[in-house]
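J.: A single structure is presented below for examination.
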Amino acid sequence: MSNEQGEGARRRPSDSGPDDDHGGSTRERILTAAGELFAEHGFTATPTSRIAERAEVPKGLIHYYFRRKQDLLAALVERLPDEELESDRLVVRGDVAGSLRRLVGELDARLESSMLLSHLLWREADTHDAVRQAMQQRFGVVVEQIRRVIELAMPPGLAGCDVETAAMLLARVINHRHSVARHRTEDDELDREIGFIANALELGAGSPVVNPA
1 MSNEQGEGAR
11 RRPSDSGPDD
21 DHGGSTRERI
31 LTAAGELFAE
41 HGFTATPTSR
51 IAERAEVPKG
61 LIHYYFRRKQ
71 DLLAALVERL
81 PDEELESDRL
91 VVRGDVAGSL
101 RRLVGELDAR
111 LESSMLLSHL
121 LWREADTHDA
131 VRQAMQQRFG
141 VVVEQIRRVI
151 ELAMPPGLAG
161 CDVETAAMLL
171 ARVINHRHSV
181 ARHRTEDDEL
191 DREIGFIANA
201 LELGAGSPVV
211 NPA
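For the sequence shown, full-length UniProt numbering begins at 1 and goes up steadily by one.
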């Protein structure tokens, strides 16, 4: 009879845990508690004992699921909502500003659904490579989303405009907006900035200059 309880049949801590048959997930409770405490006090200032207390689990379970404290942060990065959006659904043909406002609305809604997590990751991006890389990757996705929306919404005959630069500029504005979202006031200038970028594109900004013969 083969040993079915051998090394190959053991469950990995990341997949299951001691309380799997009791409803709810200890791992999820730990992550939620860690996210809240990291956002409130910072990663460095939060000991695992406080995470265990907030999650209402024995401290040993923290290390059962997450070998190192940094593994908690890496797992929280994976919780970020996907930034991929269906560009065709957002675009109003011939209306660059309107299309960009719809895109920003979608991105803002996703931020609102994970405000605490986003605040935590912006806070820790300067000191943890995994977080910084994740934020850089998300920035690239946003640039591509903006570029795609602009190209689909642009009126005919303006294909020569510098869409790439416009997308990069707007992405940086959105990036800043989201990094300070928890402190944002009602005076939101993004709408005017979208209008400015859209008007510049429609006027042919970045188009090659044709010298007269």
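C-beta: ideal position from N, C-alpha, C; glycine also.
Going by alpha carbons, who is nearest to Ile194 out of Val149, Leu117, Val180?
T.: As a first step, residue 194 must be located in the sequence shown, where it is residue number 194. Looking at the Cα atoms, Val149 is the closest of the given residues.
J.: Flag Met135 as yes if its beta-carbon sits less than 8 Å from any beta-carbon of chain B, otherwise no.
T.: Chain labels in this structure do not include chain B; a single protein chain is all it has.
J.: Name the residue from Pro156, Ser179, Arg147 whose alpha carbon lies nearest to the alpha carbon of Thr165.
T.: On the sequence shown, position 165 is the one that residue 165 refers to. Of Pro156, Ser179, Arg147, the residue nearest in Cα terms is Arg147.
J.: Check Leu170 in the structure and name its three-state DSSP category.
T.: Taking the first residue of the sequence shown as position 1, residue 170 is located at position 170. DSSP places Leu170 in helix when its eight states are reduced to three.
J.: Pick out whichever of Glu28, Asn199, Val163 has its Cα sitting closest to the Cα of Ala75.
T.: Residue mapping note: residue 75 aligns to position 75 of the sequence shown, counting from 1. Ranking the options by Cα distance to Ala75, first place goes to Glu28.
J.: Excluding the five sequence neighbours on either side, which residues of its own chain have a C-beta within less than 6 Å of the C-beta of Ala52, listed in chain order?
T.: Here residue 52 is taken as the residue at index 52 of the sequence shown, counted from 1. Once the five neighbours on either side are set aside, the close Cβ partners of Ala52 are Lys59, Ile62.
J.: Kindly indicate which residue of Thr26, Leu117, Ala167, Ser25 has the alpha-carbon position closest to the one of Gly42.
T.: One-based indexing of the sequence shown puts residue 42 at position 42. Closest option to Gly42, Cα to Cα, is Leu117.
J.: Among the candidates Leu100, Arg101, Trp122, whose CA atom is the shortest distance from the CA of Leu80?
T.: Counting from 1 along the sequence shown, the entry for residue 80 is found at position 80. When each option's Cα is compared against that of Leu80, the closest is Trp122.
J.: Three-state secondary structure (DSSP) at Gly23?
T.: The residue labelled residue 23 in the question sits at position 23 within the sequence shown. Residue placement at Gly23 is flagged as unreliable, the pLDDT there being 32, under the threshold of 50; the coordinate-derived value follows with that caveat. Correct three-state label for Gly23: coil.
J.: Answer yes or no: do Ala130 and Leu73 have a C-beta to C-beta separation smaller than 8 Å?
T.: Taking the first residue of the sequence shown as position 1, residue 130 is located at position 130. Taking the first residue of the sequence shown as position 1, residue 73 is located at position 73. In contact: Ala130 and Leu73 (Cβ atoms closer than 8 Å).
J.: Rounded to a whole number of angstroms, what is the C-alpha to C-alpha distance between Thr101 and Glu56?
T.: Numbered from its first residue, the sequence shown carries residue 101 at position 101. Numbered from its first residue, the sequence shown carries residue 56 at position 56. According to the sequence as given, residue 101 is Arg; it is not Thr. Their Cα atoms are separated by approximately 43 Å.
J.: Just to check my reading of the structure: residue 222 and Leu190 have Cβ atoms closer than 8 Å, yes? What is that Cβ distance to the nearest angstrom?
T.: Coverage of the chain is limited to positions 1 through 213, which leaves residue 222 absent and any answer about it impossible.
J.: Using 8 Å for Cβ pairs, my map puts Met154 next to Val96. What's the rounded Cβ distance?
T.: Against the sequence shown, residue 154 aligns to sequence position 154. Against the sequence shown, residue 96 aligns to sequence position 96. Their Cβ separation, rounded to whole angstroms, is 6 Å, which keeps Met154 and Val96 in contact under 8 Å.
J.: Leaving aside the five residues before and after Ala171 along the sequence, list all residues of the same chain whose C-beta is less than 7 Å from its C-beta, in chain order.
T.: Mapped onto the sequence shown, residue 171 falls at position 171. So the list reads Phe139, Val142, Val143, Ile146, once near-sequence residues are dropped.
J.: Taking the alpha carbon of Tyr64 as the reference point, which residue from Leu37, Leu31, Thr44 has its own alpha carbon closest?
T.: Reading the sequence shown from its first residue, position 64 is the one you call residue 64. The shortest Cα separation from Tyr64 among Leu37, Leu31, Thr44 belongs to Leu31.
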